[in-house]
Amino acid sequence: DLPPHLERIKQQANDAFARQQWTQAIQLYSLGIHEAGHNAMLYGNRAAAYMKRNVLIHCFLRDGDHYDALRDCLKALSLNPGHLKAHFRLARCLFELKYVAEALECLDDFKGKFPEQAHSSACDALDKDIKAALFSKTTDSC
């Protein structure tokens, strides 16, 4: 639980995220993390904002936000090993960064830890993307 003033900051960040103002959301989550560096949810939410911002500017081939998101996922998991969204986002980050085999391993770990999510639409879509990328790698090398 966060103190009231940090809860307000988190809500402002969530609102910025909902408005697709990714940079503002990242800045607000960062402010919260500065004061409550032990809060896994703030790291997980900032990771999501980094991932969304990276999608927006992907045409410029900038992977920095996915590396930042990866770092935040790992930090969130170190603070809360049961953080469902951080586990899933970690697999997504690895995939986006072209660590396809590692992404599959991470997604399989996610499915084992959270079997109720194993066939969610997001999980199925990522699984399909990863397997397509793996298949593409094997057919490209022939």
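Using the UniProt record's numbering, the first residue of the sequence shown is number 1, and each one after it goes up by one. Ideal placement from N, C-alpha and C gives every residue a C-beta, glycine not left out.
Keeping to the same chain, check which residues put their C-beta closer than 6 angstroms to that of residue 43; ignore five residues upstream and five downstream. Closer than 6 angstroms at the Cβ level, and outside the excluded window around residue 43, lie 72, 75 and 76.
How many Å lie between residue 130 and residue 103 at the Cα? Each residue's alpha carbon lies about 7 angstroms from the other.
Considering Cα atoms alone, identify which of 31, 123, 87 and 19 is closest to residue 8. Checked all of 31, 123, 87 and 19; the closest Cα to residue 8 is 31.
Of the listed residues 5, 6, 4 and 29, nearest to residue 16 (C-alpha basis): With distances taken between CA atoms, residue 16 lies nearest to 29 out of 5, 6, 4 and 29.
By Cβ distance below 7 angstroms, which residues in the same chain neighbour residue 49 in space, the five residues on each side in sequence not counted? Hits under 7 angstroms: 17, 22, 25, 26 and 29.
Check residue 18 in the structure and name its three-state DSSP category. Secondary structure at residue 18: helix, using DSSP grouped into helix, strand and coil.
Considering only C-alpha positions, which residue in the set 5, 123 and 38 is nearest to residue 195? Because the chain here runs from 1 to 142, residue 195 falls outside it and cannot be looked at.
Could you pull out every residue in the same chain whose Cβ sits closer than 6 angstroms to the Cβ of residue 114, ignoring the five residues on either side in sequence? Cβ neighbours of residue 114 beyond the five flanking positions: 84.
With DSSP collapsed to three states, give me the class of residue 29. Helix, per DSSP.
Thinking C-beta only, is residue 51 closer than 8 angstroms to residue 19? In terms of Cβ geometry, residue 19 and residue 51 do not form a close pair [threshold 8 angstroms].
Beta-carbon proximity check, residue 127 vs residue 97, cutoff 8 angstroms: Against a cut-off of 8 angstroms, the Cβ pair of residue 97 and residue 127 comes out as no contact.
Whole-angstrom Cβ separation of residue 47 and residue 69, contact assumed at under 8 angstroms? Contact holds; Cβ gap of about 4 angstroms.
How would you write the range of the alpha helix (DSSP H) that residue 75 sits in, first residue to last? 64-79 is the extent of the alpha helix (DSSP H) around residue 75.
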